[in-house]
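Here full-length UniProt numbering is used: position 434 in the sequence shown is 434, and no number is missing along the way.
C-beta atoms are modelled at their ideal positions from N, C-alpha and C, and glycine is treated no differently.
Here's the structure we're looking at; comments come further down.
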Amino acid sequence: MADNTSITQIETFGFERIPDASRYARPVDLFRLLFGGCNTFSTSVLGSFPVLVGLSFEASMWAIIIGVLAGTCILAPMSLFGPRNGTSDPVSSGAHFGIHGRIVGSFLAVLTSVAFFSLAVWSSGDALVGGAHSMVGLPVNGWTLGSAYMVFAVLVLIVCIYGFRFMLWVNKIAVWAASLMFVLGAFAFAKAFDPHYAGTLHQGSAGFWAAFIGAMLVALSNPVSFASTLGDWARYIPQSTPRHRVMGAVFAAQIATFVPFLFGLVTATIIATQAPSFISSNDYVGGLLAVSPRWFLVPMCLIAIIGGMSTGTTALYGTGLDMSSMFPKLLNRVRATILIGTLAIGFIFVGRFAFNLVESVATFSTLICTFSCPWMAIMVIGFVQRGGFYLADDLQVFNRGGRGGHYWFKHGWNWRAMGAWMPAAFIGLAFVNLPGQFVGPLGSLADGCDLSVPVSFAVGGVLYLTLLWLFPEPDSVHGPQGRRLVGALRERSRAAAPVPVPITPRVRDLVGNREQAE
């Protein structure tokens, strides 16, 4: 469906369900937003991580491929909630975690957006200032770097305030422009690249598998980072759009991210051989500037500007939307975006100048995956269990400040989902192994390998399925087709005809009836 509204008109839709008549996006738009949000130096920084920890080019490439593909398989089904419910994923999660339990998704959205918004601003600001230093002699110090960070952050915040149309327009440009710059980069570094780069860790040596799994988790965190924000864009896709097309757009976008990932990997191997001092200081952008041909400095600055804008907007937009749904009486979408953006800008300066950047990225990536993966497992299992049946109006009870509805469960909490997510998240946290940063009490069980993500994902899924079997959810939340997964055979043998879904009056209807009675 076409939409002729100007991109400079501030978006009026917030957390409420978007009417079908106003959904003008297509799966290709979802592709542009996902790929545009990754097609930048921030993803290249993630791609350089395997080399920074000592892996060879071949091992690094496999770690990236496995991580991205595994993360995409987890992420793709999450794209179905937006078109189905016309709202954000944290709001949709109220169907499974309860109207109050949806704050889990909101917590994940804040953690993810701040981390990747900061990464986008850091990497783009460093590349822009470094490129300007090489071309015109601009000094590289705290003032110039801080100024670049502030300019990027404010520009991103402005785009997010205007909303979805402006963000989509930015990413339409970013996809093609940044991709062209990366293609030029392939020519710039082709002669210097050695595909036989051996690294410092070899298969069978001490620490190899710990480094390999750690690198794989960093790559996996890139697609997983979109879990709680995917619905912010997919909600503009009509509900009638075939599901395979929506998920196909997610797969295509993440496969396309191999471009910046491999650019980061290839250039990191060159930096390791030609500018090893930068590797030892974990300064990927500085090393890239040191080994780049002079003619590539301008394209690199363009990647920094374009990519920083696209990644920053996709990271920050959704959190403002979600915060407005948590405090609807205090914050609309614009005010919430300004608040979160201001807090994120403060974090950018603290994280960049007070902590090690690469260690911060690794820590955030691991924590995001550890807490997000069981949440995603529960959401997807719940979607299959209910056959995609949701009562969109009942999802808005919390946002309207009310009580009751089909997803009220126990005082607004579905203890089945919460009882699966919370143990899974903390058990996964116990398996974290980040030497020098955080090692959980069970982190040393696998010879130094970080098993936090696979453990949390598996525990969350198994626990949720078990609790659904032992303590079935109310029939009313499953719709006329009944249960599709756990308890399906038992239900079908008990009742051949579908059970009608009971209608619970909306909170505003109850208030209106009470006022009339008084």
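Q: Let me know the secondary structure DSSP gives Asn433 once reduced to three states.
A: strand
Q: Starting from Gln274, trace the alpha helix (DSSP H) both ways and give me its first and last residue.
A: Phe258 to Gln274
Q.
Rounding to the nearest angstrom, what Cα-Cα distance links Gly388 and Ile237 in this structure?
A. 16 Å
Q | Helix, strand or coil at Val121 according to DSSP, with G and I counted as helix | A | helix
Q) Going by C-alpha distance, which of Val334, Phe347 and Asp450 is nearest Met150? A) Phe347
Q: Quickly, what does DSSP pair Val439 with across the bridge? List them, please.
A: Asn433
Q. In chain order, which continuous runs of the alpha helix (DSSP H) of length 4 or greater are located wholly inside the region 355 to 409?
A. 357 to 385
Q.
Among Gly461, Gly440 and Thr72, whose alpha-carbon lies nearest the alpha-carbon of Val246?
A. Thr72
Q: Within its chain, find whatever has a CB closer than 6 Å to the CB of Gly101; leave out the 5 residues flanking it on each side and keep chain order.
A: Trp413, Asn414 and Met418
(Q) In the DSSP output, which residue or residues are listed as bridge partners for Trp413? (A) Lys410
Q. By how many angstroms is the C-alpha of Arg386 removed from the C-alpha of Tyr162?
A. 36 Å
**Q.** Three-state class that DSSP yields for Tyr236 in the structure shown
**A.** coil
Q.
With a threshold of 6 Å on Cβ separation, who are the neighbours of Val380 within its own chain once the five nearest residues in sequence on each side are excluded?
A. Pro77
Q. For Phe258, which residues of its own chain have a beta-carbon under 8 Å away from its beta-carbon, when the five flanking residues on both sides are left out?
A. Ile64, Ile65 and Val68
Q.
Please report whether the beta-carbon of Ala198 lies at a distance below 8 Å from any beta-carbon of chain B.
A. Judged by its chain identifiers, the structure shown contains no chain B, having just a single protein chain.
Q.
Does the region 366 to 377 come into contact with the region 222 to 230, if we say contact requires no fewer than three beta-carbon pairs (one atom in each stretch) closer than 8 Å?
A. yes
Q. Run through DSSP, which three-state label would Asn171 get?
A. helix
Q. Closest by CA to Val397, which one among Ile99, Val51, Met61 and Phe41?
A. Ile99
Q) Apart from the five residues on each side of it in sequence, which residues of its chain come closer than 7 Å, Cβ to Cβ, to Val175? A) Arg32, Phe35, Gly36 and Asn39
Q. Buried or exposed: where does His202 fall if 16 or more other Cβ atoms within 10 Å of its Cβ makes it buried?
A. exposed
(Q) Just to confirm before moving on: does the CB-CB distance between Asp89 and Leu230 stay below 8 Å? (A) yes
Q: Compare the beta carbon distance of Asp20 and Gln239 with 8 Å and say whether it is the shorter of the two.
A: yes
**Q.** Cα-Cα separation between Tyr458 and Asp450, rounded to whole angstroms
**A.** The question names Tyr, yet the displayed sequence has Ala at residue 458. So the two alpha carbons sit approximately 15 Å from each other.
Q: If I'm right that Gly443 touches Val432 with Cβ under 8 Å, what's the distance once you round it to whole angstroms?
A: 6 Å
Q) With DSSP run on the structure shown, which of helix, strand or coil describes Val53? A) coil
Q. With 16 as the cutoff for other CB atoms within 10 Å, does Trp122 come out buried or exposed?
A. buried
Q: Mark Trp408 as exposed unless 16 or more other C-beta atoms lie within 10 angstroms of its C-beta, in which case mark it buried.
A: buried
Q: Could you tell me if Ser277 is buried or exposed, where buried requires 16 or more neighbouring beta carbons within 10 angstroms of its beta carbon?
A: exposed
Q: Just confirm the distance between the C-beta atoms of Phe193 and Thr269, as a whole number of angstroms; I'd bet it's less than 8 Å.
A: 7 Å
Q) Rounded C-beta distance between Pro293 and Ala188? I'm assuming under 8 Å. A) 5 Å
Q. Sorted by chain position, which residues of the same chain lie with C-beta nearer than 8 Å to Trp469's C-beta, five sequence neighbours on each side aside?
A. Val486 and Gly487
**Q.** Alpha carbon of Gly286 to alpha carbon of Gly130, nearest angstrom
**A.** 7 Å
Q: Give the DSSP-derived three-state secondary structure of Ser44 in the structure shown.
A: helix
**Q.** Among Ala290, Ala219, Arg416 and Ile306, the one whose alpha carbon lies nearest that of Ser48
**A.** Ala219
Q. Going by C-alpha distance, which of Ala59, Phe296, His406 and Phe41 is nearest Met135?
A. Phe296
Q) Sorted by chain position, which residues of the same chain lie with C-beta nearer than 6 Å to Ile306's C-beta, five sequence neighbours on each side aside? A) Ala174, Ala177 and Ala178
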